[in-house]
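Peer 1: Below is one structure. I have some questions about it.
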Amino acid sequence: MTSTRPQPEEYCQASRVFYDIAGRHNEDDTSWFAQTGAPAHEGFERREMDVWIVHTPVGHVMPQQGWKIHISGLPDNARRIVDAAWDYCTREGLPFKFLRSVDVLTTHSLKYAPRSSSGKLVTIYPSDEHQLRRALEELGGLLDGEAGPYILTDLRWNAGPLHVRYGGFVARWCTDEDGSPVAAIERPDGTLVPDRRRPVFEVPEWIQLPPFLAEQLAAREASGSAADFPYRVERALHFSNGGGVYLAKDAEGRQVVLKEGRPHAGLDGRGRDAVTRLARERRAMEHLAGIPGIPALYEHRVVWEHHFLAVQHLEGDTLQGWLARHYPLTKAGPTDGELTAYADRAQAVADRIDRLVAEVHARGMVFGDLHPANILIDDEDRVSLVDFELAVPVEEADRLGLGHPGFAGAGRTGFDIDRHALAALRLWLLFPLTGLNELDPGRGVRQADIAERRFALPAGSLDAVRRELAPGEQARDRVPPVLRETLSVDLDEDRPDWAAVRKSLAEAVLLSATPERDDRLFPGDVRQFLTDGTGLAHGAAGVLWALHTSGAGRFPEHEEWLLKAAARRAPSRPGLYDGAHGVAHVLREFGHLDAAEGLLARSAEAVDALRDLSLQRGTAGIGLDLLDAAARTGGGDHLSRALGLADRMADAIALGTAPGITAGPGRGSRAGLLRGWSGPALFFLRLYEDTADTAHLDLAVRALHHDLDLCGVAEDGSLQVDGGFRLLPYLEVGSAGIALVADQVLAHHRDARLEQALPLLVRAAEPEFTIEPHLFGGRAGLLATLASLRGRAAGTAPGTAVARHLSRLHWHALSYRGHLAFPGEQLRRVSMDLATGSPGILLALTAALDGRRDFLPFLAPRTDRPTGVDHHAP
C-alpha cells in the first residue's frame, strides 16, 4: 500500500507515452457528438468541464443539491441518446451535461475504469421532484428500449437507461473520516457531510424517497431474494468495472469463488462486455473440466441483472504474492547459495506452469491471459490457473481484446499467445520488470542478460526466452517515435558521466512541458488530474521545485504558468504535497510572496476542518509550511496558526490514533514519512529547533515510536512497515522515511528504542531490486535515504548500498526524445512529476552525488539547509 490512486487503465487510452485524460486533448473529431462543438443553444450558456460539455439556461439558479438523472449508454447507441437528451433538455429548459465523445464513453466503460462513472453519458439537474418525475416519464418514453449499463450508485428507472440519485449539484467540500477533502452535501442544520458515491443506491437519512421512486425501489428489491442468491459472501477478492470476485460459502457450506459479470459494463478492446466474457469463461471451464490445476465450475446464476459463476476455491496465493515473499533481490545481502536455490526453484515453478498450459492446449484451447495474478501456487509449489474470460478455442484466438501489459505479445495469435506469455513469465520469475515491455518492446532481451548474470546461470540459458520476447515489426511500430530515439547518455557503465545524466534528465522534463494546456504543465501520475495539476507531489510546483533544488535552474515562463493556474483556481485541497500549501511554499521559495499569501488565505478554512495529520496532505505538512511562511515574512499569524496545529497534533500523539494512518484490520498501515507518524515527528523536530522547547522533541520521539509500533521484522532482519499483505521499505509509506527522521531526532536526544531500530530501518533500504524507480515508492527514495544517512548510521553499510542503487538505475531507464526518462507507477507510462517521475530521481541524484539532505522540503536540518533562493548553479 502506498497511497490511494485511481486505476491507470482509462488514463492509458489517450497516449502511449504519458498518462492523460482520454478525449480532453488530441480528440478525434469523428468521435465527437454532433453537439460537442456546437455553440450554446438559444437561451442557454455553454461551458466545458473536463470531459463534459455543460449547458445551463441563462439566468438559471442551480440548486446546491437534489435528485439528479443519469442516462447511461453504450458506444453504439450514444449518439441517439445524446440527441434525445439534447432535444428534450433544451426544449424544457433543463440544465444538463454530456460527455464530449463516444471515445470518452468507451474509455469510461472499460474493464478497469472507475466503477462510479461507468456508463454515465448524460446528467440532468431537475429543480424539484415534480420536474424530476416528469422528466423521467417523458424521457423514459423517448429512450424505451435503449440499452445502458446499470449505474451502481443509482436507482434504475424502469428497465431503460435512466437512473436517479440524490447528491450535490454544485462543488462543495468537507472532510471524510480520514480527514481527506471530499464532495459534500448539506444537512438540514447546515452541516456539510460527504456526498457518498459508494457502489450501492443509498439516500441521505434526512431525505424521504418520493413515492414514485419508492415504487421503483420496491420493484427492484422484489426482483431478487435470498433464495435467488444462496451464497454468503465473506469478502471481496477483487473489483473491476465488469463486476467483483468474491470469496463465499454456498448453501451447503462449501467454500466457493463467485465471479460477477455486469451487463454492458467492463468492455474489452473489442467492445465485449463482462457478461459476454463470463459466458466465454463458463464454456472454457466446462471444456477444461478434470485437468488438475483447473478449478471446477459449480453453477451459473443470474440475480439482480448480474450474472455469477460459482467455481471451486483452490488453495494458494497468487504467483505475484509468492514472488513478493521469496524473491531474493528484495532482501538485504542475499548469498550466492540463496540466489542459486531461488533460480532452481523458479525454473521448477515455470516448468509446472508450462506443463499445465500444455494440457490446456491439448484440449484445443488457448488460455489467453497468462500472467502472475492469474496463477495460484500453494505451499508445495503446485500451480493452478484462474480467470478464464479470455480462454477460447485455438481457431478463435485472434485478437482477444484484453491482455496484461508485459505478458501480451503484439500480433500473436493461437497458441503463440500463451507461448509468449510463458516466456515472459519465465523471465519475470527471475527479473520481474516485464511490465516495461509496453514502453520498450525490446526490453526483455536485455533483461534476460541481467538475469543470467545476476543469478549466475550458464550463458545462453535464457536463449529460448530471448527468441520469444524479441520484438517483431508490429511491436516496434507500436512504440511512439519520441520513445525510439537513441539515448544520449549511458547509465550502464562503470563510471557514468553524472553531470550529463542529470542534464539529460532535466532536459527530458523540460521537453515534456505543455504550457498551452491549463490542466497540467508537466505530464505525471494520474493523480495530477485529481489534485489540480499544480501541486508538489504530482503537479507543476513539485517539478519546478525539483529542477531548482537540483541545480537545473529557474524557468520564469513555467513559473508564470503556475502563478496563473493558482490565481485561476485555488487548489481544492490545502495540504503540502497535494494542495495549496505545497504550491504556496514553492511560490514563496521563488519570491512570489503575495501569490503565496493569497493561497494560504484561501485555504485557511479547509485547514481548520482537516483531521489528517500527515506530512503529505495533513496538518504536519501545513504546519511546516506555516513555520516557513512565518520565518520568511515575519508574519505572527502564521506562527500562531502553526502552534495551533501543534496542539491538535500533540493531542493525537498522546492518544496514539489518527485518521488515515492505521488503515484497519487486514489492511495494514500507512506508517512512514509522508503518510504516517514520522511527518508529525518532523514537524515537532523543526519546532524544537526553532524554540528549544524540549516538549516538542519529546513529542517527536513519541510520534516515531508510534510508527515503529506499525513495523514488522522482515526475513533479512530489517525493520519495515507492515502494509497488510507485505512489508514496505519506501519513503512515502515505509521504513526509509522513519529512518530519516529518527536519525535527525537522535542528533538531539538519545532514545534507546530509536537507536536500536535505526540500523534495522536502514537495512531495509539496501536491497538492490525495486519494482518501480521513483522517489516516493521506489529505488530513488531508498537511494536518497541511504545517501542522507551515509556516515551517520552505525552498524550499516549505506555507502555500499548507495553505489549499488546508482549502478542499478539503468534497469528502468528509458529514452524520451533522446534524453533520459523513467516510467511512473505501474510502469505503464513515462512520468515527469516529483513523486513518481524523473524530477524525483533527479533529486535523489542530488542527495547521492552532492551530499545534500534537502531532497524534499523541510527535510534538511536547520544547520544543513542552504540559504537564499538560488541554491546551486547548473
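Take the sequence shown: its letter number 772 is residue 772 in the UniProt record's numbering, and every next letter is one higher. Beta carbons are placed, not taken as given, at the ideal position from N, Cα and C, and that holds for glycine. What you are looking at is a predicted structure, and each value in this text was computed from that prediction instead of being measured.
1) I'd like the span of the alpha helix (DSSP H) that includes Val-762, first residue to last.
2) For the alpha helix (DSSP H) that Tyr-88 lies in, which residues bound it at each end?
3) Leaving out five residues on either side along the sequence, give the residues of the same chain with a beta carbon under 6 Å from the beta carbon of Ala-787.
4) Output needed for Thr-800: all residues of its chain with C-beta closer than 6 Å, excluding positions within five of it in sequence on either side, in chain order.
5) Per DSSP, Ala-184 is paired with what?
6) Check each candidate in Ile-81, Leu-121, Ala-113 and name the one with the smallest Cα separation from Leu-99.
7) Does the distance from the CB of Ala-423 to the CB of Gly-406 come in under 8 Å?
8) Buried or exposed: where does Ser-640 fall if 16 or more other Cβ atoms within 10 Å of its Cβ makes it buried?
9) Is the distance from the Cβ of Arg-675 to the Cβ of Val-733 below 8 Å?
10) Taking a contact to mean a Cβ-Cβ separation below 8 Å, would you say Val-465 touches Leu-436 in this structure?
11) Can you give me the C-alpha to C-alpha distance between residue 908 and Gly-73, rounded to a whole angstrom?
12) With C-beta atoms as the reference, is Tyr-816 less than 8 Å away from Val-394?
13) So is Met-62 buried or exposed if we call it buried at 16+ other beta carbons inside 10 Å?
14) Rounded C-beta distance between Ala-570 and Leu-599? I'm assuming under 8 Å.
15) Using CA atoms only, rank isn't needed, just tell me which of Met-649, Pro-823, Thr-657, Thr-691 is closest to Ala-631.
16) Per the DSSP calculation, Ile-124 is bridged to which residue(s)?
17) Using the beta-carbon count (16 or more within 10 Å), is Ala-835 buried or exposed?
18) Under the assumption that Pro-523 contacts Tyr-112 (Cβ atoms under 8 Å), give the Cβ distance between them as a whole number of angstroms.
19) Report the option in His-749, Gly-575, Leu-708 whose CA atom is closest to the CA atom of Pro-729.
20) On a Cα-Cα basis, can you pick out the residue from Val-256, Gly-591, Gln-616 that is closest to residue 876?
21) In the DSSP assignment, find the beta strand (DSSP E) that holds residue 883 and state where it starts and stops.
22) Compare the beta carbon distance of Ala-78 and Leu-105 with 8 Å and say whether it is the shorter of the two.
23) I need the straight-line Cα distance from Ala-742 to Asp-751, nearest angstrom please.
24) Counting C-beta neighbours from all protein chains within 10 Å, is the total for Phe-201 16 or more, i.e. buried, or is it exposed?
25) Starting from the N-terminal side, write out each stretch of the alpha helix (DSSP H) that is 4 residues or longer and does not extend beyond the region 335-394.
26) So which of His-70, Ser-101, Thr-56, Lys-503 has the shortest CA-CA distance to Asp-50?
27) Can the beta-carbon of His-305 be found closer than 8 Å to that of Tyr-125?
28) Considering Lys-249, what are the terminal residues of the beta strand (DSSP E) in which it resides?
29) With a floor of 3 residues, list each beta strand (DSSP E) that falls wholly inside the region 251-334, ordered by position along the chain.
30) What does the Cβ neighbour count give for Ala-348, buried or exposed, with the cut at 16 atoms within 10 Å?
31) Under 8 Å between the Cβ atoms of Leu-843 and Val-745?
32) CB-CB under 8 Å to Gly-411, same chain, minus the five flanking residues each way: which ones, in chain order?
33) Please check the pair Leu-627 and Ala-642, which I expect to be a contact at CB under 8 Å, by giving their CB distance rounded to whole angstroms.
34) Given Pro-39, which residues of its chain have a CB within under 7 Å of its CB, disregarding the five upstream and five downstream residues?
35) Is Gly-795 buried or exposed, if buried means 16 or more other CB atoms sit within 10 Å of its CB?
36) Whole angstroms are fine: how far does the CA of Ala-513 sit from the CA of Arg-554?
Peer 2: Looking at the atomic coordinates:
1) Segment 752-763, the alpha helix (DSSP H) holding Val-762.
2) Looking at the DSSP string, the run of the alpha helix (DSSP H) that includes Tyr-88 is 78-92.
3) Here Ala-787 has Val-802, Ala-847, Ala-848 as same chain residues with Cβ atoms under 6 Å from its own Cβ, once five neighbours each way along the sequence are excluded.
4) Nothing listed; no residue qualifies.
5) Partner(s): Pro-194.
6) Of all alpha-carbon atoms in Ile-81, Leu-121, Ala-113, the one lying nearest the alpha-carbon of Leu-99 is that of Leu-121.
7) Ala-423 is not a Cβ neighbour of Gly-406, given a cutoff of 8 Å.
8) Classification for Ser-640: exposed.
9) Contact: yes.
10) Contact check for Val-465 against Leu-436 fails: the beta carbons are separated by 8 Å or more.
11) Outside the modelled stretch of the chain, which goes from 1 to 874, sits residue 908, for which no answer is possible.
12) In terms of Cβ geometry, Tyr-816 and Val-394 do not form a close pair [threshold 8 Å].
13) Exposed is the call here.
14) Approximately 6 Å separates the beta-carbon atoms of Ala-570 and Leu-599; this is inside 8 Å, confirming the contact.
15) Residue Thr-691 is the option with its Cα nearest to Ala-631.
16) DSSP lists Ile-69, Phe-96 as the bridge partner or partners of Ile-124.
17) So Ala-835 ends up on the buried side.
18) For a cut-off of 8 Å, the C-beta gap from Pro-523 to Tyr-112 is around 20 Å, too long to register as a contact.
19) Ranking His-749, Gly-575, Leu-708 by Cα distance to Pro-729 puts Leu-708 first.
20) Nothing can be reported for residue 876, as the shown portion of the chain is limited to 1 through 874.
21) A query on residue 883 cannot be resolved here, the shown segment of the chain reaching from 1 to 874 and no further.
22) Inclusion of Ala-78 and Leu-105 in the CB contact set at 8 Å is warranted, their separation being smaller than that value.
23) Ala-742 and Asp-751 have their C-alpha atoms spaced approximately 10 Å apart.
24) Taking a 10 Å sphere around the C-beta of Phe-201, we find 16 or more other C-beta atoms and assign the residue as buried.
25) Taking only runs of at least 4 residues, the alpha helix (DSSP H) segments lying wholly in the region 335-394 are 336-362.
26) Nearest C-alpha to Asp-50 among His-70, Ser-101, Thr-56, Lys-503: Ser-101.
27) One detail in the question is off: residue 305 reads as Glu in this sequence, not His. For Glu-305 and Tyr-125, no; Cβs fall outside 8 Å.
28) Its beta strand (DSSP E) spans residues 243-250.
29) Runs of the beta strand (DSSP E) inside the region 251-334: 255-261, 297-303, 306-312.
30) Around the beta carbon of Ala-348, a 10 Å sphere encloses fewer than 16 other beta carbons of the protein chains shown; the residue is thus reported as exposed.
31) No, they are not a contact pair.
32) Only Gly-472, Gln-474, Ala-475 meet the Cβ criterion.
33) The C-beta distance from Leu-627 to Ala-642 rounds to 5 Å, short enough to fall under 8 Å.
34) Residues Arg-46 of the same chain have their beta carbon placed closer than 7 Å to that of Pro-39, with the five preceding and five following residues left out of the count.
35) Because the pLDDT of Gly-795 is 45, which lies under 50, any placement of that residue in the model is unreliable, and the number read from its coordinates should be weighed accordingly. Gly-795 counts as exposed, since fewer than 16 other C-beta atoms from the protein chains shown sit within 10 angstroms of its C-beta.
36) Arg-554 and Ala-513: Cα-Cα distance of roughly 14 Å.
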